[in-house]
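Here's the structure we're looking at; comments come further down.
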Amino acid sequence: MKHSELTTVLDDCLGRLRAGESLDACLSSYPQLANQLRPLLFTAVSLYHTPRPFVDSQARSAGLARMLVALENRQARLAAPVTTPSNNRRSWLPIRFAFQVATAVVLLLFAGSWLIALNRRANPGEEEPLITNTAVIISHSSSPTPMITPPTSLPAIVFTAQPLPTITETPINTPTPFLTPTSLPSTPPPPPTITATNTPFPSPHFETVEQGYHSYYSWTNQSEIMLFEPTLIQLQNQEAWANFWARHTAGHFPPPPMPTIDFQAESVFVLMNSVEATGGYMVEIRRLELNEGGFLVYADKYSPGPNCVVSAAITQPFHIVKTSRITQTPTLILTARVHDCTSP
Numbered sequence: 011m012k013h014s015e016l017t018t019v020l021d022d023c024l025g026r027l028r029a030g031e032s033l034d035a036c037l038s039s040y041p042q043l044a045n046q047l048r049p050l051l052f053t054a055v056s057l058y059h060t061p062r063p064f065v066d067s068q069a070r071s072a073g074l075a076r077m078l079v080a081l082e083n084r085q086a087r088l089a090a091p092v093t094t095p096s097n098n099r100r101s102w103l104p105i106r107f108a109f110q111v112a113t114a115v116v117l118l119l120f121a122g123s124w125l126i127a128l129n130r131r132a133n134p135g136e137e138e139p140l141i142t143n144t145a146v147i148i149s150h151s152s153s154p155t156p157m158i159t160p161p162t163s164l165p166a167i168v169f170t171a172q173p174l175p176t177i178t179e180t181p182i183n184t185p186t187p188f189l190t191p192t193s194l195p196s197t198p199p200p201p202p203t204i205t206a207t208n209t210p211f212p213s214p215h216f217e218t219v220e221q222g223y224h225s226y227y228s229w230t231n232q233s234e235i236m237l238f239e240p241t242l243i244q245l246q247n248q249e250a251w252a253n254f255w256a257r258h259t260a261g262h263f264p265p266p267p268m269p270t271i272d273f274q275a276e277s278v279f280v281l282m283n284s285v286e287a288t289g290g291y292m293v294e295i296r297r298l299e300l301n302e303g304g305f306l307v308y309a310d311k312y313s314p315g316p317n318c319v320v321s322a323a324i325t326q327p328f329h330i331v332k333t334s335r336i337t338q339t340p341t342l343i344l345t346a347r348v349h350d351c352t353s354p
C-alpha cells in the first residue's frame, strides 16, 4: 500500500465525517485499510469535539502588552553598544605583580645555586661539615622524677562470719479452696440448631440495550468521567440517561437515536471499561442478584492473551442493560478472564 493511497482515503473519510456520516460507515467502505484508518479518524473526531479555550479580552490585552514591553526591552539590549568596564586593567594588576615577584624569586634561587657550584670548583679541598646524629635531652627540672615504690606487703583481709536471722515458720490453718467437679456443668449445652432454607435469591431478568467496543464516554474534556478501571454506572431517570447517551455517542456523525427507557418501571445499568490502547478487550454483565446484603451485579472482563492478534485501535468496551426498576445501590463483582488464542 502506498502512502499516497492512504492519504487519499483519509481525506475522503474526513470529508464524509464532516458531512455527517458515521465513523463505522466510513471504515466499512475501506475494509482493507480499517486498522490503519481507525486510530487516525478516532483522533480527528476527538480533536473536533475538544472545546476551544476561552480567553478573556482583558487578560488577552494585558498579556499582549507584557509581550510588547518584553520585546522592546530585548531590542534595546541588543542595540546598545558593548562597553568594556574601565576597571578591567586594574583587576589584572594584582595578578601581574604576583607573577613578577614569583619570577624574581626563581631567578634569585637559580643565581644562588650557580654561585655555590662555582665556589666548589674554585676550592676543591674544602669539604662541607657533616651533620652527625646528636641526642638532644630536654629536661624540665634538675631533680629526677621520684619513682613510685610499690608496697612490700598487702594488708590482710579478715572475713567475719555474721549469724543468719532466724526464720520462724507459721503454719497456715486455712486451706486454699479448690474447684470441685460439682461446680462445673455435668453435660455441655447442646449446639444451636441451624435450619437451612431452600428459598433461592431472586435473579432479576435483564435485557441488553447495546454492547460494543468503541464508546466515547471518556473522550471528553471532563476529568470526572475519566475511568481507569471497569466501572458500573446506575441510571434512574431520563435526564441522566440523556446525558450519558450524549457522551457515549459523541464520536458519531450524526449520533444514533437514543433508545426509549420507561424509568417508571425500569432501571439502566452500564458496565464501562477504561480506555484501552488496542483491541481484544470486552466487558459483559452476566447475572443480577438481589439478596439480604443488597443488589449484586456479576460481570466479566476479557483481556487478550499473549498469542492473540489484536487491532491497533483505541477502544473502550461497554455493556448497557435494562431491568425492572431497582432502587438499591449496586455492588459490582468483576471476574478477570483472558482469551486463549493458542492454536490447537
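Residues are numbered in my numbering as their position in the sequence shown, beginning at 1, plus a constant of 10. Every residue gets a Cβ at the ideal spot worked out from N, C-alpha and C, and that includes glycine.
Which residues does DSSP pair with residue i in a beta bridge?
{"i": "I343", "result": "Y308"}
{"i": "Q326", "result": "H224"}
{"i": "F216", "result": "T333"}
{"i": "F279", "result": "Q244, V331"}
{"i": "E286", "result": "T325"}
{"i": "V348", "result": "S313"}
At which residues does the alpha helix (DSSP H) containing residue i begin and terminate?
{"i": "L237", "result": "Segment: none, L237 is in no alpha helix (DSSP H) and carries neither H nor E."}
{"i": "M77", "result": "67-89"}
{"i": "L37", "result": "33-39"}
Could you give the C-beta distance for residue i and residue j, rounded to a whole number, given that I count them as a contact under 8 Å?
{"i": "E217", "j": "V331", "result": "6 Å"}
{"i": "S228", "j": "V285", "result": "5 Å"}
{"i": "V307", "j": "L300", "result": "Their Cβ separation, rounded to whole angstroms, is 11 Å, which puts V307 and L300 out of contact at 8 Å."}
{"i": "L50", "j": "L20", "result": "6 Å"}
{"i": "W251", "j": "L245", "result": "5 Å"}
{"i": "F263", "j": "L37", "result": "Rounded, the Cβ-Cβ distance is 13 Å, inconsistent with contact."}
{"i": "L281", "j": "P240", "result": "6 Å"}
{"i": "S221", "j": "H349", "result": "A quick correction: the sequence has Gln, not Ser, at residue 221. Actually they do not touch by this definition, with Cβ atoms about 17 Å apart."}
{"i": "E276", "j": "S334", "result": "6 Å"}
{"i": "R296", "j": "A309", "result": "6 Å"}
Taking all protein chains shown into account, decide if residue i is buried (16 or more other Cβ within 10 angstroms of its Cβ) or exposed.
{"i": "N283", "result": "buried"}
{"i": "C351", "result": "exposed"}
{"i": "T337", "result": "exposed"}
{"i": "V146", "result": "Unreliable positioning characterises V146 in this predicted model, as indicated by a pLDDT of 39, which lies under 50. The coordinate reading is nonetheless provided below. V146 comes out exposed."}
{"i": "S149", "result": "Only weak support is given to the placement of S149: the predicted model assigns it a pLDDT of 42, under 50, and the question is left unresolved by the model."}
{"i": "M292", "result": "buried"}
{"i": "G122", "result": "exposed"}
{"i": "F279", "result": "buried"}
{"i": "I343", "result": "exposed"}
{"i": "Q326", "result": "buried"}
{"i": "H215", "result": "exposed"}
{"i": "L118", "result": "exposed"}
{"i": "V55", "result": "buried"}
{"i": "L33", "result": "buried"}
{"i": "L47", "result": "buried"}
{"i": "L189", "result": "Because the pLDDT of L189 is 44, which lies under 50, any placement of that residue in the model is unreliable, and the question is left without a value."}
{"i": "F254", "result": "buried"}
{"i": "A323", "result": "buried"}
{"i": "T259", "result": "buried"}
{"i": "G304", "result": "exposed"}
{"i": "G73", "result": "exposed"}
{"i": "I105", "result": "exposed"}
{"i": "G315", "result": "exposed"}
{"i": "G30", "result": "exposed"}
{"i": "G290", "result": "buried"}
Need the endpoints of the beta strand (DSSP E) that residue i sits in, please.
{"i": "L300", "result": "292-301"}
Less than 7 Å between CB atoms is the rule here; does residue i satisfy it with respect to chain C?
{"i": "Y40", "result": "Considering every chain present, this structure includes no chain C. It has just one protein chain."}
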